[in-house]
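*Asks:* Before anything else, here's the structure in question.
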Amino acid sequence: MPRITVTVDGVEYEEEVEPRLLLVHLLRDRLGKTGTPIGCDTSNCGACTVLLDGRSAKSCSVLAVQADGSDVVTVEGLARGEEWHPMQRAFHEEHALQCGYCTPGMIMAAIDLVRDDPDPSEQAVREGLEGNLCRCTGYCNIVRAVRRGAREMARQEARTA
Amino acid sequence: MTEQLDAGLVGERIAESDQLGRPSAAHEVGRARPRKEDARLVTGRTMWTDNIQLPGMMYVAFLRSPMAHARITRVDTSAARSQPGVVAVYSGQDFAGEQGSLPCAWPVSDDVVIPDHPPMAVDEVRYVGEAVACVVATDRYKAADALDAIEIDYEPLEPVLDMTEALTEGSPKVHEAGNQAFTWKFAGGDIEEAFRDAPVVVERTYVQQRLIPTAMEPRAVVATTDGETFTLYSATQIPHVLRVMLALTTGIPEHRLRVVAPDVGGGFGSKLQVTAEEVLALLLTRRLGRPVKWTESRSEGNLTVHHGRDQLQRISVAADRDGRLRGVRADLLADMGAYLMLVTPGVPLLGAFMYNGIYKMDAYDFRCTGVFTTKMPTDAYRGAGRPEATFAIERTMDELAHELGMDPVELRRRNWIAHGEFPYTTIAGLTYDSGNYEAATDRALALFGYEELRAEQADRRERRDPVQLGIGVSTFTEMCGLAPSRVLGSLSYGAGGWEHASVRMLPTGKVEVVTGTSPHGQGHETAWSQIVADALGVPFADVSVLHGDTSVSHKGMDTYGSRSLVVGGVAVLAACEKVRERARNLAAHMLEASVEDIEFADGSFRVRGTGSGRTIQELALATFAAHDLPDGFEPGLDADATFDPDNFSFPHGTHLCAIEVDTETGQARIRSYVAVDDVGSVVNPLIVEGQVHGGIAQGVGQALFEEAVYDGEGNMLTTTMADYLIPSAADLPDFVTDRTETPATTNPLGVKGVGEAGTIASTPAVVNAVVDALRPLGVRDVRMPCTPERLWRAVTEARAAQTGSAQTGSAQTGSAQAGSTQTGAAQAGSTQITGGAR
């Protein structure tokens, strides 16, 4: 079985994996990173979105072996201690979640979206999140949260620059 | 418009920092509090059922029937058993005699047929996806691998896929007893008289297509035993009901069975069920003595999570020329699928009381025939019966308005129950306690810009713009807060409608609330904390809410039908009142005053007219020490309460939709959507707003996107999220939501429930708008979902009919697939409804 090295939320793991093992199952079943849920088996819903070397990826459509040597950030790796990532705060403050099952994927996808478009319009957020499905919110508050999170991320960046 | 509303909402939203730890002298109820639940959800520290890992745990995978209807003639599991990692392989036969029958708790009528429903099929399969065998293995991949090695021979039987055909003489039978599951009817007033010589009669038939609820979290089950006791973790809405039902069906005694609903990722009715997988997980852990887990894949879920809707509705209304309604007739065929699950036959009955909507009329007549087919069973899906009813009456009101040449809003005004007429007993026999349809409608019209949009519509019609504008209105009410146990009993429902709460004052003055409701996204931890903070005068942050574990919350009726706040939240308040009374008695003792002289405010009990008092926290600690209690006073300030209201609750509202339909491509796009809902008093406006948003999206899904499709053999064609389309962010506009508040008079909080409102209201608003857009082209109706193809065909067919050239190619095809399929089904259907129900 192939041996891979992967860094997840700042911790390096060395694992022997079956070639067919999906990244999301490596994260959930082997590494105990259950913050990333699975919502479908066709890469349509986006619940399992993580950052793979900085870019959002649906971890159900990546083989664990493909992640060899990569840096993975999951929703569990976003907060600094007890201080949440601005996008996490924005989702909370805008009530952009109900059952919360899609939320980790939404937040990860939103962070990547903002990286490309630091001040996205409503339409840009709607189109950018088309691959992340939510069944509870109707998306209005998610769109607000992403735009608010984007502003907060910009502010935070300006402070640390 | 949007900005104005947003400003209002932002004003209500309170930064959490200035609230935490503050005593709640300022009232919590009514505040837009961001939720407590969010902390674990946004940081990924949730406990979804699939996250649970127990030592020695095995994975279960199910082999499912590839045939809609067949006899099982041979099962060979030997090859599968020898696969690596496989612990056990069983077929239905291996559990015969042990697996019992999945329960139906709503035997609606005397003639109801409740077929035996083994969790794993034993000798006959009746829908694609029915479990026929299972593998238990050391990991999920190996379990799935071994399914391929199971050999099953089937002798095909004819599938039964069409409800109308299912009731005809000579149809193949789903069950020995035939394909009619039940009949049910009731009437109010003299319906014959109402229709006799009526100046206007409008009759329509609608197809309520089959839907898949599609909670984001797939179902999952973990079962374990220590040999004596059993624990079942399940992504369920109903841990309490589930425990009772499992004890009754598996033979595991109730006191040795604990059911836990950990974090549950949405339900919408689909997790209001006793499933084959839950039963089998328990039987497997009993047989193997090890923990087992099963998690469905989405494609497995689309086949086997119970489906929603699937009714054929014929509705007729009789009216005077001035628009006054005389009577409404509703005849339904309701597809039960292959079996009756927990509340399958009750779903169309919940709608039975709602086909009259918010309107006054002289007579009403309802008939329903439940029909067995070889498809996945249907059961509760968000709104359960009420969206179907509301759709039928609200679509038909638009047709009547058109018939009369009247504005659809004006027609509604002429018929609805006026604000001053509440409480009002409807022709269907319900007493609506309160409502203000005028206020909600006026507010919605103003926010929508109704007149301007009508002017634009006229302009586009005149210009023959290829993109036409349609305006749809839907005014609605629903019976929710499913409660009065006596009423549910009169409808043969197998459980009560009460709810339980327990409030425990801990020695340090913190509060634990135990609730019988079982949330899966509704924010009970936050809303219940707000109620308790006000009732006991403790800080919001000092309250925690325990739920969803029968070893902690020992009784309850769980969460569905928008009942949680209306019944469960009121039970919490009632328990708080008992705590307060105990505390008042203790305070009187400690302050050496009479109980009558003790007043309570802001968390303190004070002797009237003096400065001396005790906080509720001091009293809690005093009962822990128990050094000086009144004679006979038991330590602790805890109290239990149950609440069983005298009536349902009746939220209402007015939804307006403007839609642009491209008549050349059939593409429909919602341009604006306004919802003014009246859900009575509001505990947390954020939660209300969120639920309305999500509800609208789900109703729009039915109107425009969603349908579970079976082919002619009974294979499902929509097994993935690529085929079964739920709306994405890009498919929807920013909804404008607002509310009016007419408190319920039947509970002390004045609340009415909100979970289903958006879904009930939005589907007819959207389809009314679609038809309104295309009416000048001759389109009278479009079957849901109004996909671009259907709209294009409807336009093409209508144009062909108008130019008198209906014989040619695509128009004919169009008519076969869109328009007249429906008409055809309607005619055949109504004949059968008559035959079946009368």
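Protein chains in written order, with the UniProt record's numbering: chain A, 1 to 161; chain B, 1 to 838. All residues carry an ideal CB built from backbone N, CA and C; glycine is no exception. Just so you know, these numbers come straight off a predicted model, no measurement behind them.
So who's on the other strand from E296 of chain B, going by DSSP bridges?
*Replies:* Counting from 1 along the second sequence, the entry for residue 296 of chain B is found at position 296. Bridge partners of E296 of chain B: none, in fact.
*Asks:* From what residue to what residue does the alpha helix (DSSP H) around R286 of chain B run?
*Replies:* The sequence position of residue 286 of chain B within the second sequence is 286, counting from 1. From DSSP, the alpha helix (DSSP H) with R286 of chain B extends over 276-288.
*Asks:* Does R126 of chain A get closer than 8 Å to chain B when you measure Cβ to Cβ?
*Replies:* Here residue 126 of chain A refers to the residue found at position 126 of the first sequence. Closer than 8 Å: yes.
*Asks:* Over what stretch of residues does the alpha helix (DSSP H) that includes M245 of chain B continue unbroken?
*Replies:* As a working mapping, residue 245 of chain B is identified with position 245 in the second sequence. Start and end: 239-250.
*Asks:* So for D38 of chain B, helix, strand or coil by DSSP?
*Replies:* Reading the second sequence from its first residue, position 38 is the one you call residue 38 of chain B. Of the three classes helix, strand and coil, the one that applies to D38 of chain B here is helix, per DSSP.
*Asks:* Per the contact definition of three or more C-beta pairs closer than 8 Å, is the segment 361-368 of chain B in contact with the segment 319-333 of chain B?
*Replies:* At 8 Å Cβ cutoff, the stretches touch.
*Asks:* Closer than 7 Å by beta-carbon distance: list the chain B residues that pair up with P104 of chain A, in chain order.
*Replies:* Indexing the first sequence from 1 puts residue 104 of chain A at position 104. Ordered by position in chain B, the residues that pass the 7 Å Cβ test against P104 of chain A are G44.
*Asks:* With G92 of chain B and V132 of chain B assumed to form a contact (beta carbons below 8 Å), what rounded beta-carbon distance in angstroms separates them?
*Replies:* Counted from its first residue, the second sequence places residue 92 of chain B at position 92. Counted from its first residue, the second sequence places residue 132 of chain B at position 132. That pair is a contact at about 6 Å.
*Asks:* Counting only beta-carbon atoms, is M216 of chain B nearer than 8 Å to chain A?
*Replies:* The count along the second sequence starts at 1 and reaches residue 216 of chain B at position 216. For M216 of chain B, the answer is yes, since a Cβ of chain A falls inside 8 Å of its Cβ.
*Asks:* Answer with buried or exposed for E410 of chain B, where buried requires no fewer than 16 other C-beta atoms within 10 angstroms of its C-beta.
*Replies:* What you label residue 410 of chain B is simply residue 410 of the second sequence in a count that begins at 1. The residue in question, E410 of chain B, is exposed, as its Cβ has fewer than 16 Cβ neighbours within 10 Å.
*Asks:* Quick one: list the residues of chain A neighbouring P34 of chain B, beta-carbon separation under 8 Å, in chain order.
*Replies:* Mapped onto the second sequence, residue 34 of chain B falls at position 34. Within 8 Å Cβ-Cβ: H92, E93, H95.
*Asks:* For M557 of chain B, which option in B:I358, B:K578, B:Y493 has the closest C-alpha, if you only look at C-alpha atoms?
*Replies:* Taking the first residue of the second sequence as 1, we reach residue 557 of chain B at position 557. Ranking B:I358, B:K578, B:Y493 by Cα distance to M557 of chain B puts B:Y493 first.
*Asks:* Can a CB atom of chain B be found closer than 8 Å to the CB of D116 of chain A?
*Replies:* Along the first sequence, one-based indexing puts residue 116 of chain A at 116. So, not an interface residue.
*Asks:* How long is the line joining the alpha carbons of F230 of chain B and A625 of chain B, rounded to whole angstroms?
*Replies:* Reading the second sequence from its first residue, position 230 is the one you call residue 230 of chain B. Reading the second sequence from its first residue, position 625 is the one you call residue 625 of chain B. So the alpha carbons of these two residues sit roughly 37 Å apart.
*Asks:* With three or more C-beta pairs closer than 8 Å as the rule, is the segment 444-463 of chain B touching the segment 716-728 of chain B?
*Replies:* No: the two stretches stay apart, fewer than three of their Cβ pairs being nearer than 8 Å.
*Asks:* What do you reckon, are the CB atoms on V570 of chain B and P748 of chain B nearer than 8 Å?
*Replies:* The residue labelled residue 570 of chain B in the question sits at position 570 within the second sequence. The residue labelled residue 748 of chain B in the question sits at position 748 within the second sequence. Their beta carbons are under 8 Å apart, which means V570 of chain B touches P748 of chain B by this criterion.
*Asks:* Using alpha carbons as the reference points, say which of B:T610, B:P507, B:D38, B:S270 lies closest to A90 of chain A.
*Replies:* Numbered from 1 along the first sequence, position 90 holds the residue referred to as residue 90 of chain A. When only C-alpha atoms are compared, the closest one is B:D38.
*Asks:* Does DSSP classify M505 of chain B as helix, strand or coil?
*Replies:* The sequence position of residue 505 of chain B within the second sequence is 505, counting from 1. Strand, per DSSP.
*Asks:* Does D706 of chain B pass the burial test, meaning 16 or more other C-beta atoms within 10 Å, or should it be called exposed?
*Replies:* Taking the second sequence and counting its residues from 1, one reaches residue 706 of chain B at position 706. The residue asked about is misnamed: residue 706 of chain B is Glu in this sequence, not Asp. When all chains shown are included, E706 of chain B counts as buried.
*Asks:* Taking only beta-carbon atoms, is Y139 of chain A less than 8 Å away from chain B?
*Replies:* Residue mapping note: residue 139 of chain A aligns to position 139 of the first sequence, counting from 1. Chain B contact via Cβ: present.
*Asks:* V552 of chain B: buried (16+ other C-beta within 10 angstroms of its C-beta) or exposed?
*Replies:* Along the second sequence, read from residue 1 onward, the residue named residue 552 of chain B stands at position 552. V552 of chain B comes out exposed.
*Asks:* Would DSSP call L63 of chain A helix, strand or coil?
*Replies:* Here residue 63 of chain A corresponds to residue number 63 of the first sequence, with the count starting at 1. Strand, per DSSP.
*Asks:* Using 8 Å as the threshold, is the segment 80-94 of chain A in touch with the segment 50-68 of chain A, meaning 3 or more CB pairs across them?
*Replies:* No, the segment 80-94 of chain A is not in contact with the segment 50-68 of chain A.
*Asks:* Taking Cβ positions, are Q311 of chain B and P348 of chain B nearer each other than 8 Å?
*Replies:* As a first step, residue 311 of chain B is located in the second sequence; it is residue number 311 there, counting from the start. As a first step, residue 348 of chain B is located in the second sequence; it is residue number 348 there, counting from the start. A contact, by the Cβ cut-off of 8 Å.
*Asks:* Taking Cβ-Cβ distances shorter than 7 Å, what residues in chain B pair up with I107 of chain A?
*Replies:* Taking the first sequence and counting its residues from 1, the one referred to as residue 107 of chain A is at position 107. Near I107 of chain A (Cβ distances below 7 Å), the residues of chain B are V42.
*Asks:* Count the CB pairs spanning the segment 194-204 of chain B and the segment 512-525 of chain B that are closer than 8 Å, and state whether there are at least three.
*Replies:* As far as the Cβ criterion goes, the segment 194-204 of chain B does not touch the segment 512-525 of chain B, which means the pair count is below three.
*Asks:* Unbroken alpha helix (DSSP H) runs of length 4 or more, entirely within the segment 537-603 of chain B: which are they?
*Replies:* Segments of the alpha helix (DSSP H) lying fully in the segment 537-603 of chain B: 570-590.
*Asks:* In the DSSP assignment, the beta strand (DSSP E) including Q209 of chain B goes from what residue to what residue?
*Replies:* Mapped onto the second sequence, residue 209 of chain B falls at position 209. Segment 200-211, the beta strand (DSSP E) holding Q209 of chain B.
*Asks:* Is the shortest distance between the beta-carbon of G92 of chain B and the beta-carbons of chain A less than 8 Å?
*Replies:* By one-based count along the second sequence, residue 92 of chain B stands at place 92. No, G92 of chain B does not count as interfacial toward chain A.
*Asks:* Which residues of the segment 288-307 of chain B have a Cβ closer than 7 Å to any Cβ of chain A? Give them in chain order.
*Replies:* Within the segment 288-307 of chain B, the qualifying residues are S297, R298, S299.
*Asks:* Run the CB neighbour count on L167 of chain B, radius 10 Å, all protein chains shown included, and call it buried at 16 or more, exposed below.
*Replies:* Numbered from its first residue, the second sequence carries residue 167 of chain B at position 167. Buried.
*Asks:* Please list the segments of the beta strand (DSSP E) lying wholly inside the segment 627-712 of chain B, counting only runs of 3 or more residues, in order along the chain.
*Replies:* The segment 627-712 of chain B contains these whole beta strand (DSSP E) runs: 639-643, 652-662, 668-678.
*Asks:* Could you confirm whether any beta carbon from chain A is found closer than 8 Å to the beta carbon of N51 of chain B?
*Replies:* Translated into positions along the second sequence, residue 51 of chain B becomes position 51. Taking Cβ atoms only, chain A reaches closer than 8 Å to N51 of chain B, which makes this a yes.
*Asks:* Within 10 angstroms of the Cβ of R219 of chain B, are there 16 or more other Cβ atoms? Answer buried if so, exposed if not.
*Replies:* Numbered from its first residue, the second sequence carries residue 219 of chain B at position 219. The residue in question, R219 of chain B, is buried, as its Cβ has 16 or more Cβ neighbours within 10 Å.
*Asks:* Distance check for G611 of chain B and D638 of chain B, CA to CA, integer angstroms please.
*Replies:* Translated into positions along the second sequence, residue 638 of chain B becomes position 638. Translated into positions along the second sequence, residue 611 of chain B becomes position 611. Roughly 27 Å separates the two Cα atoms.
*Asks:* Compare the beta carbon distance of E93 of chain A and A730 of chain B with 8 Å and say whether it is the shorter of the two.
*Replies:* On the first sequence, residue 93 of chain A is found 93 positions in, with the first residue counted as 1. On the second sequence, residue 730 of chain B is found 730 positions in, with the first residue counted as 1. Contact flag unset, no.
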